[in-house]
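First residue of the sequence shown? That's 1 in UniProt numbering, and the numbers climb one at a time after it.
One structure is given below, encoded as C-alpha cells.
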Amino acid sequence: MTQLRFPENLLKVSLTIAIFLLLGISSENYRQFRSYSESQKRIIKSHEIQTLLQKLLNAIIKTEASYKAIIVTNEKEIIEDYFEQKLNIQPQIEKIKLLTTDDYIVQAKIDTIQKVINQRINFLDQHIYLDSKRNQGIYKSALTSSAKLVEDVEDLIEEIIIEETLALNEKESLRDKKYRINPLLLLTTVLFSLFIFVIGFIALYYYLKKARKTLYTLKVNQMIYEQAEQISRSGHWHYRPGSNKITFSTNLFRLLGFEPYSFKPSLKKYLDIISVNDRPNFLSALKKLKSEGHTPAIDLTIITPDGKEKCLRFVARLLNDNNGNKLVVGANKDLTYEIETNKKLNRLNSDLKMRNNIFKYAESIAMVGSYSYDFEKKEFKFSDNLYKMLGFKPENFPPSESKFVEFIHIDDRADFIEKMGLENVMNNFHINRIRIIDNNGNVKYLSVNKKIFNEDNSKILIVAFKDITEEVLITKRLEEKNEELSKSNEELESFNHIASHDLQEPLRKIHTFISRIRDSDDLNASPLIVDYLSRIRIAANRMQKLVIDLLSFSRASKDSDNFEFSNLNKILKSALHELNSDIQEKQAIINYDELPSVTIISFQFQQLFVNLISNALKYSKHNIRPVIKISNEKLTFDELLKFPHYNETELVKITFEDNGIGFEQQYADVIFILFQRLHDRKKYSGTGIGLAICKKILHNHRGSIFAEGRPEVGSKFTIIFPKTPVNRSF
Numbered sequence: 001m002t003q004l005r006f007p008e009n010l011l012k013v014s015l016t017i018a019i020f021l022l023l024g025i026s027s028e029n030y031r032q033f034r035s036y037s038e039s040q041k042r043i044i045k046s047h048e049i050q051t052l053l054q055k056l057l058n059a060i061i062k063t064e065a066s067y068k069a070i071i072v073t074n075e076k077e078i079i080e081d082y083f084e085q086k087l088n089i090q091p092q093i094e095k096i097k098l099l100t101t102d103d104y105i106v107q108a109k110i111d112t113i114q115k116v117i118n119q120r121i122n123f124l125d126q127h128i129y130l131d132s133k134r135n136q137g138i139y140k141s142a143l144t145s146s147a148k149l150v151e152d153v154e155d156l157i158e159e160i161i162i163e164e165t166l167a168l169n170e171k172e173s174l175r176d177k178k179y180r181i182n183p184l185l186l187l188t189t190v191l192f193s194l195f196i197f198v199i200g201f202i203a204l205y206y207y208l209k210k211a212r213k214t215l216y217t218l219k220v221n222q223m224i225y226e227q228a229e230q231i232s233r234s235g236h237w238h239y240r241p242g243s244n245k246i247t248f249s250t251n252l253f254r255l256l257g258f259e260p261y262s263f264k265p266s267l268k269k270y271l272d273i274i275s276v277n278d279r280p281n282f283l284s285a286l287k288k289l290k291s292e293g294h295t296p297a298i299d300l301t302i303i304t305p306d307g308k309e310k311c312l313r314f315v316a317r318l319l320n321d322n323n324g325n326k327l328v329v330g331a332n333k334d335l336t337y338e339i340e341t342n343k344k345l346n347r348l349n350s351d352l353k354m355r356n357n358i359f360k361y362a363e364s365i366a367m368v369g370s371y372s373y374d375f376e377k378k379e380f381k382f383s384d385n386l387y388k389m390l391g392f393k394p395e396n397f398p399p400s401e402s403k404f405v406e407f408i409h410i411d412d413r414a415d416f417i418e419k420m421g422l423e424n425v426m427n428n429f430h431i432n433r434i435r436i437i438d439n440n441g442n443v444k445y446l447s448v449n450k451k452i453f454n455e456d457n458s459k460i461l462i463v464a465f466k467d468i469t470e471e472v473l474i475t476k477r478l479e480e481k482n483e484e485l486s487k488s489n490e491e492l493e494s495f496n497h498i499a500s501h502d503l504q505e506p507l508r509k510i511h512t513f514i515s516r517i518r519d520s521d522d523l524n525a526s527p528l529i530v531d532y533l534s535r536i537r538i539a540a541n542r543m544q545k546l547v548i549d550l551l552s553f554s555r556a557s558k559d560s561d562n563f564e565f566s567n568l569n570k571i572l573k574s575a576l577h578e579l580n581s582d583i584q585e586k587q588a589i590i591n592y593d594e595l596p597s598v599t600i601i602s603f604q605f606q607q608l609f610v611n612l613i614s615n616a617l618k619y620s621k622h623n624i625r626p627v628i629k630i631s632n633e634k635l636t637f638d639e640l641l642k643f644p645h646y647n648e649t650e651l652v653k654i655t656f657e658d659n660g661i662g663f664e665q666q667y668a669d670v671i672f673i674l675f676q677r678l679h680d681r682k683k684y685s686g687t688g689i690g691l692a693i694c695k696k697i698l699h700n701h702r703g704s705i706f707a708e709g710r711p712e713v714g715s716k717f718t719i720i721f722p723k724t725p726v727n728r729s730f
C-alpha cells in the first residue's frame with residue numbers, strides 16, 4: 001500500500017489545482033458572458049432610446065403640422081388629428097425616461113425637452129382656442145414661436161441622439177472586443193480542461209495499472225495465504241470494536257467444522273463452539289487482551305457440528321491501524337493432527353521399545369546374535385545376545401571384527417575372514433557354519449549370514465549368527481538313528497521275506513499233512529485224535545492269518561511314493577468283489593454314496609476298505625441281516641479344526657456305519673492298537689491287527705480315523721483325509 005501513496009497524493013493535488021483553475025476560468029468566462037449580455041442590452045436600449053427620440057420628434061413635428069393646418073383650414077378633422085398627435089408625445093417621453101433611469105444627463109435633457117414641449121402644447125392649445133376668434137396677432141406670434149420651439153427640441157434631441165450614438169459606438173466596440181475575447185476564453189477553458197483530463201487520465205491510468213498489479217498481487221498473496229493456512233491447519237480473524245464486526249478467514253470456518261461463509265461470524269457463535277470447560281479460560285484471555293493488549297497462547301477444545309473434538313491454539317493482539325482505529329487480530333492453529341501424531345509417535349516409540357525388548361528376548365530365545373558395521377561412521381555394534389553367545393555380559397568390551405575373530409576356532413578363522421570380512425564385503429561368498437570357543441571354553445556351532453543395506457545414503461553391513469550347536473548335535477544323533485533305522489529296515493525286509501516264505505512254509509506242510517491224515521482210509525483214529533487234529537488245523541489257520549496280517553501291517557508301515565490319482569468308487573467295488581463270498585454268506589446289505597477321485601496309494605486304500613467292511617461283517621449280530629452304509633459326508637466345524645492346514649474343499653470324509661454288536665465308547669481308541677481285541681477269540685475270529693492297519697494307512701495319507709460305538713446298536717467308523725496328501729504340518 002505504500003507504493004500507491006505517491007500517485008494518490010499527486011491525483012489529489014492535480015484535482016485540486018484543476019478545480020480551482022476551472023472555477024477561475026469558468027468564472028471569468030461567465031463574467032465576460034454577462035458583460036457581453038449587458039453590453040448587448042445597453043446597445044439595444046440605446047437603439048430603443050434613439051428610436052423613441054425620433055418618434056418623439058416626429059410626434060412634435062406632426063403636432064406642429066396639425067397646428068398649421070388648423071390655422072389654414074380650421075377643419076374639425078384636423079383639430080382631432082392635432083389632439084391625437086398631442087397624446088402621442090407624453091407616452092414617448094415616459095418611455096424614454098423609463099429607459100434612461102440610470103442616465104442622469106439624458107434624464108435632465110429629457111426633462112428640459114418635456115418642459116419645452118409642455119410649454120409649447122399649452123401655447124398651441126391656447127392659440128387654437130383664440131384662433132376660433134381669429135386673432136391674427138397671436139397667430140403670427142405663435143407661428144414664429146413654433147418654428148423656434150421645433151428647432152430647440154430638434155437640437156436637444158439631436159444632442160441626445162449624438163450622445164447615445166457615441167455611447168452606442170463605444171458599447172458596440174466593447175461588445176465586439178468581448179465577443180472576440182469570449183471564444184478565446186472558451187477555447188482556453190476547453191483546452192485547459194482537455195489538458196487536465198489527459199493529465200488526469202494518464203495519472204489515473206498509471207494509478208489504476210499499478211492498482212491492478214497490486215490487486216492481482218494481493219489476490220495471489222491471498223490465495224497463497226489461504227493455501228498456507230490450509231497446509232499449516234491455521235486460521236485468523238479480526239475484530240473492529242467500533243463497528244462491532246468480526247471477520248473470519250475461509251480456513252477458520254473449516255477449522256471450526258463449517259463451510260466458508262456458511263454463517264455470519266460473531267463472538268457468541270465462536271464461544272458456543274468452544275467446550276464448556278475451556279470457556280472460562282477463553283474469557284479470561286479476552287480480559288487480558290483488553291488490559292495488556294495481547295493474550296497468552298492457550299489451547300482450546302472445540303466441538304464441531306459433526307460431534308468431533310478438536311484442539312485449537314488461540315492467540316490475539318490489540319493493534320491500531322493507519323487511521324488510529326483499534327483492531328483486534330487473532331489466530332487459531334489446529335493442534336489435533338500434532339496431538340494425534342505425538343500420540344502415535346509415543347505409541348510407536350513405546351512399540352519400538354517393546355519390539356527392541358522383544359527382539360532382544362527373541363534373539364536370546366532363538367539363540368541369534370549379530371553385529372553391524374556403519375561404513376560412514378566406521379563403527380561396529382554387537383547385539384546383546386552376541387555378547388552372551390561369546391560368554392560375556394552386554395557391552396563388556398568394545399566391539400570390532402578383530403575382537404570377534406579371536407573367538408572363532410582357529411581352523412575356521414581364515415575362511416571367515418576371506419568370505420565374511422570387511423575387506424571382502426562386496427563378494428557373494430557365504431559360510432554355512434563356523435565354530436567359536438566362548439569365554440567359558442565351550443565350543444559352539446554358529447550359522448552365518450550377511451546382508452548390506454543402502455538407505456538414506458548410508459551403507460550398513462549386518463552379519464547375523466545363529467547358535468546351531470544343539471541342531472548340530474541333534475543332526476549327529478539323527479544320523480546315528482538313521483543308521484540304526486537303516487539296519488532295522490534291512491532286518492524288517494529280512495523279516496518280510498521270512499514271513500512270506502520261511503514262516504509260512506511249515507504252516508503249509510502242517511495243512512498238507514493234516515489233510516492227508518484226514519483223507520487216509522487206513523486211519524482209524526479215536527475221537528480224541530480227531531479233535532486234536534482239528535485244533536491243530538485251526539491253530540495253523542490262525543497262525544497263517546496272523547503272519548499275513550503282520551506282513552500287511554509291515555507293508556502299511558513303509559512310506560511309499562506310489563501316490564496316484566484314483567477313483568474311490570472303483571477301489572470300493574474291487575474291495576466288495578474281494579469280500580463277495582463273505583457278503584453272500586452273511587446276506588449283507590451294503591449301501592454306498594458316490595465317492596470322489598483323489599490322489600492316494602491305491603492298494604493301501606483297497607486294504608482299508610476291505611478291513612473296515614470285513615470288520616462290520618465279522619461283528620454283525622446273530623440271525624440279523626447286516627446293513628452297512630458307506631457315506632460321503634461334509635465335515636463339521638470341530639472336524640475342520642483338527643486339520644488347520646487344509647480348507648474344507650481339500651478334505652474328504654467317508655463314514656462306515658453298521659448295525660452290528662457295537663462296543664463301549666471308552667474303547668474307541670483301544671481298538672486301533674496292535675493286537676488289541678474287545679471280544680472272545682472263540683466267538684469272533686480275528687488277529688487284532690486289521691484296525692491298526694487302517695490307522696497306519698490313514699497316517700500315510702495325512703488323515704485320521706475315528707470310531708463311535710453303542711453296544712447292541714452298531715458302530716460307525718469315520719475316515720478323513722486330504723484329496724492331495726501334501727505334508728503341510730512340517
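Glycine included, C-beta positions come from ideal geometry on N, C-alpha and C.
- Within the DSSP bridge table, the entry for Asn591 names Lys629 as partners.
- As DSSP reads the structure, Gly714 sits in a beta bridge with Arg710.
- Under the three-state reduction of DSSP, His430 is assigned to coil, being neither helix nor strand.
- Remark: three or more beta-carbon pairs, one from each stretch, lie closer than 8 Å, so the stretch 593–612 and the stretch 627–636 are flagged as touching.
- For Gly369, the three-state secondary structure derived from DSSP is strand.
- In this structure, Glu639 lies near Ile720, with their beta-carbon atoms less than 8 Å apart.
- DSSP, reduced to helix, strand and coil, places His294 within a strand of the structure shown.
- In the DSSP assignment, Cys311 is bridged to Thr301.
- Annotated as proximal: Asn611 and Leu691, with beta-carbon spacing under 8 Å.
- Under DSSP, Ser704 shares a beta bridge with Ile720.
- Here the C-alpha atom of Leu184 lies approximately 29 Å from the C-alpha atom of Thr165.
- Annotation: Lys245 to Tyr239 spans about 6 Å, alpha carbon to alpha carbon.
- In this structure, Ile160 sits near Leu53, with a CB-CB distance shorter than 8 Å.
- Counting along the chain, the unbroken alpha helix (DSSP H) around Phe416 starts and ends at 410–420.
- Taking 8 Å as the cut-off, the beta carbon of Phe465 is found closer than this to the beta carbon of Gly369.
- In this structure, DSSP gives Ile654 an extended state, which the three-state scheme calls strand.
- A residue is called buried when at least 16 other Cβ atoms come within 10 angstroms of its Cβ; Phe248 meets this threshold and is buried.
- Per DSSP, Arg254 lies in no beta strand (DSSP E) segment; the continuous alpha helix (DSSP H) that holds it begins and ends at 250–255.
- Ile571 and Phe609 do touch by the CB rule: their CB atoms are close to 6 Å apart, below 8 Å.
- Shown here, Tyr239 sits in a strand according to DSSP, grouped into three states.
- Taking the Cβ atoms as the reference, Leu446 lies roughly 20 Å from Ile452, outside the contact range of under 8 Å.
- Going by beta carbons, Ile408 and Phe416 fall inside the 8 Å limit.
- In the three-state reduction of the DSSP assignment, Phe643 falls in the coil class.
- Looking from the CA of Leu23, the closest CA among Lys115, Val190, Ile96 belongs to Val190.
- Per DSSP, Val328 is not a residue of any alpha helix (DSSP H); the beta strand (DSSP E) it occupies stretches across 326–334.
- For Asp438, the secondary structure class from DSSP, reduced to helix, strand or coil, is coil.
- Spanning the alpha carbons of Thr336 and Asn320 requires a straight line of approximately 32 Å.
- For Glu379, the enclosing beta strand (DSSP E) begins and ends at 379–382.
- Between the stretch 304–312 and the stretch 280–291 there are fewer than three inter-stretch CB-CB distances shorter than 8 Å, so the stretches are not counted as touching.
- Contact between the stretch 248–266 and the stretch 219–229 is established, with three or more Cβ pairs separated by less than 8 Å.
- The continuous alpha helix (DSSP H) containing Ser614 extends over residues 602–618.
- Lys209 has its alpha-carbon roughly 53 Å from the corresponding atom of Asn277.
- Counting every other CB atom within 10 Å of its CB across the protein chains shown gives Lys333 a total of 16 or more, marking it as buried.
- Taking each of Met389, Tyr371, Asn427, Asp155 in turn and checking the Cα distance to Glu401, the smallest one comes out for Tyr371.
- With contacts defined by Cβ atoms closer than 8 Å, Thr475 and Thr599 do not form a contacting pair.
- Where Asp278 is concerned, there is no enclosing alpha helix (DSSP H), because DSSP gives it neither an H nor an E.
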